[in-house]
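Read through the structure below, which is laid out as structure tokens, and then see the notes.
Number of protein chains: 2
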Amino acid sequence: MHSFTEENYLKAIYHLSEGNLMAVSTNQIAEMTNTKAASVTDMLKKLSEKKLINYIKYQGVTLSNSGLNAAVNIIRKHRLWEFFLVEKLGFKWDEVHDIAEELEHINSATLINRLDDFLGNPAVDPHGDPIPDRSGLIKHKKLVKVSEMKAGEQGTVSGVSEHSSVFLKLLEKLGLTLGSKIMITELIEFDGSIILTINQKTDRTISREVAKNILVML
Amino acid sequence: MHSFTEENYLKAIYHLSEGNLMAVSTNQIAEMTNTKAASVTDMLKKLSEKKLINYIKYQGVTLSNSGLNAAVNIIRKHRLWEFFLVEKLGFKWDEVHDIAEELEHINSATLINRLDDFLGNPAVDPHGDPIPDRSGLIKHKKLVKVSEMKAGEQGTVSGVSEHSSVFLKLLEKLGLTLGSKIMITELIEFDGSIILTINQKTDRTISREVAKNILVML
DNA sequence: TAATAATTTTAGATTAGCCTAAATAAAATA
DNA sequence: TATTTTATTTAGGCTAATCTAAAATTATTA
Ligand SMILES: [Mn+2]
Ligand SMILES: [Mn+2]
Ligand SMILES: [Mn+2]
Ligand SMILES: [Mn+2]
């Protein structure tokens, strides 16, 4: 198996390369893992030796098939544990990430598959992120940022692209939790802020910065 | 917090000093942690620095108050996770120990207390071992080895002093699981083996070696 | 395109946890 | 009690993961 640290690097590379299929840079990884570039270079050599990544000096890095597999498995574990913490233990969606960062390294395929069944094979975690199934398949939904919606458009809040506790708590306070139906009432030209109606009841104004991090299914 | 490794040493010292309040020796710890005596000495110095143990060169070691506290907390976590694995995820009692060895190091008081509540604050784990409460209190039951029972005596199987998978599976096959009512039918003088009746139905003969590792509440 | 800036890698150290072999202390035995 | 055996500690090294500082490479800009 891979070490705790190796797993965290693989996960970092995965998250950094999602969407853009570009190679990931040393500095990006250093930032995400809270280490220094020199340390990252050391680890990249090691992961490359193990054939978990494709690495060319100075040219950045991509995950190999086995590296991708390992990364997706860690993410599966992370998201299932987050679901467990919220649905079974009563945690709030802003409280679970750090604990899941530890739990995701528990190493037992049987455990995670039984947990999956116990939870009813959930499709998404408490933040709306898709949970890979046991074969590693991820069902991505097509989601749109609120900041990209036009006046009059409607949709259901289905994800967030910012997972910090402070942001999630704000959404909670605004009533913009997962499943909320929203309609864009007005786009304020001056600063890009947006007025929207939640569940056909409440009107709220949110900044462009907030709107960029809320993902909606149209 | 303490490192994964430090926690394992504290746990080892705790288990080795249970019952006999004697100081624990370097070699005992080395055996329990699958390391060498020299490595243990290194760690004992470190734990002593941190005031987690009382250590005098060549004289063995005992847990300090804070060390005991830490050890009991790890054991609480271990046993609660074992209970979870058996009661919620459907694991057998011989399958949970290794996974719990990993889970016991997850570091969140909130998590473990919520898990405790979710599980209904169980008193004992799947092996009959008492689960410390959130204040660290352990309710030890007075249990007797089957090997110490006399002919005609009755009791309820309530614990095991051997946790290996092979032993637990044997008990399962014999029908000697936790909660079984047993009565000593006959003591065989020749080899110390014991004939007993389980739940007033089945008769079984068990060796002295097996009998020594089954704990009964009279 | 040549100079400058930014990024990445290498060199050389550090720390935790582990090891073997040698030295020392304690316990057992003659 | 002197000797031998056993247990423990010390000495010296190793590996994984990290760091800072310096060197090398790539990217940017004048
Ligand atoms: Mn998370
Ligand atoms: Mn999540
Ligand atoms: Mn156990
Ligand atoms: Mn147990």
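Residue numbers (the numbering used here), protein chains in the order written: chain A, 1 to 218; chain B, 1001 to 1218. C-beta atoms are modelled at their ideal positions from N, C-alpha and C, and glycine is treated no differently.
Where residue i falls: helix, strand or coil (DSSP)
i: leucine 230 of chain A; result: Nothing can be reported for residue 230 of chain A: it is not among the residues displayed for chain A, which extend from 1 to 218.
i: leucine 137 of chain A; result: coil
i: lysine 1009 of chain B; result: Before going further, note that residue 1009 of chain B is tyrosine rather than lysine in the sequence given. Three-state result, tyrosine 1009 of chain B: helix.
i: leucine 1080 of chain B; result: helix
i: valine 24 of chain A; result: strand
i: valine 1157 of chain B; result: strand
i: tyrosine 58 of chain A; result: coil
i: methionine 1 of chain A; result: coil
i: methionine 183 of chain A; result: strand
i: isoleucine 206 of chain A; result: strand
i: valine 86 of chain A; result: helix
i: leucine 1111 of chain B; result: helix
i: isoleucine 188 of chain A; result: coil
i: leucine 63 of chain A; result: strand
i: leucine 1176 of chain B; result: coil
i: methionine 149 of chain A; result: coil
i: isoleucine 74 of chain A; result: helix
i: leucine 168 of chain A; result: helix
i: valine 1096 of chain B; result: coil
i: leucine 1044 of chain B; result: helix
i: isoleucine 1106 of chain B; result: coil
i: leucine 1215 of chain B; result: strand
i: isoleucine 1053 of chain B; result: strand
Residue environment, residue i, which counts as buried when at least 16 other CB atoms sit within 10 Å
i: aspartate 125 of chain A; result: buried
i: arginine 1134 of chain B; result: exposed
i: lysine 77 of chain A; result: buried
i: tyrosine 55 of chain A; result: buried
i: valine 24 of chain A; result: buried
i: threonine 1026 of chain B; result: buried
i: phenylalanine 1190 of chain B; result: exposed
i: leucine 1016 of chain B; result: buried
i: alanine 211 of chain A; result: buried
i: serine 180 of chain A; result: buried
i: aspartate 1117 of chain B; result: exposed
i: glutamine 28 of chain A; result: buried
i: glycine 1155 of chain B; result: buried
i: glutamate 1049 of chain B; result: exposed
i: asparagine 1034 of chain B; result: exposed
i: histidine 1140 of chain B; result: exposed
i: valine 1040 of chain B; result: buried
i: asparagine 1008 of chain B; result: buried
i: valine 1096 of chain B; result: buried
Beta-carbon proximity check, residue i vs residue j, cutoff 8 Å
i: isoleucine 1013 of chain B; j: valine 1061 of chain B; result: yes
i: serine 1108 of chain B; j: isoleucine 99 of chain A; result: yes
i: isoleucine 1188 of chain B; j: leucine 1196 of chain B; result: no
i: leucine 119 of chain A; j: leucine 63 of chain A; result: no
i: leucine 1176 of chain B; j: serine 1158 of chain B; result: no
i: glutamate 104 of chain A; j: isoleucine 138 of chain A; result: no
i: leucine 1174 of chain B; j: arginine 1204 of chain B; result: yes
i: arginine 79 of chain A; j: aspartate 129 of chain A; result: yes
i: proline 1122 of chain B; j: phenylalanine 1083 of chain B; result: yes
i: isoleucine 182 of chain A; j: isoleucine 198 of chain A; result: yes
i: leucine 89 of chain A; j: leucine 1085 of chain B; result: no
i: tryptophan 1093 of chain B; j: leucine 1168 of chain B; result: yes
i: lysine 1150 of chain B; j: isoleucine 1184 of chain B; result: yes
i: serine 66 of chain A; j: leucine 52 of chain A; result: yes
i: leucine 143 of chain A; j: methionine 22 of chain A; result: no
i: aspartate 146 of chain A; j: isoleucine 194 of chain A; result: At residue 146 of chain A the sequence reads valine, which differs from the aspartate that was named. Yes, they are a contact pair.
Neighbour flag for residue i against chain B, beta carbons, 8 Å
i: glycine 90 of chain A; result: yes
i: glutamate 87 of chain A; result: no
Beta carbon proximity, residue i to chain A, threshold 8 Å
i: isoleucine 1194 of chain B; result: no
i: glutamate 1082 of chain B; result: no
i: isoleucine 1053 of chain B; result: no
i: isoleucine 1074 of chain B; result: no
i: isoleucine 1013 of chain B; result: no
i: isoleucine 1099 of chain B; result: yes
i: glutamate 1102 of chain B; result: yes
Short of 7 Å Cβ to Cβ, which residues in the segment 1104-1128 of chain B face chain A?
Ile1106, Asn1107, Ser1108, Leu1111, Arg1114, Leu1115, Phe1118
Can you list, in chain order, the residues of the segment 176-206 of chain A whose Cβ is nearer than 7 Å to any Cβ on chain B?
none
Proximal residues, the segment 1005-1036 of chain B versus chain A, C-beta separation under 8 Å
none
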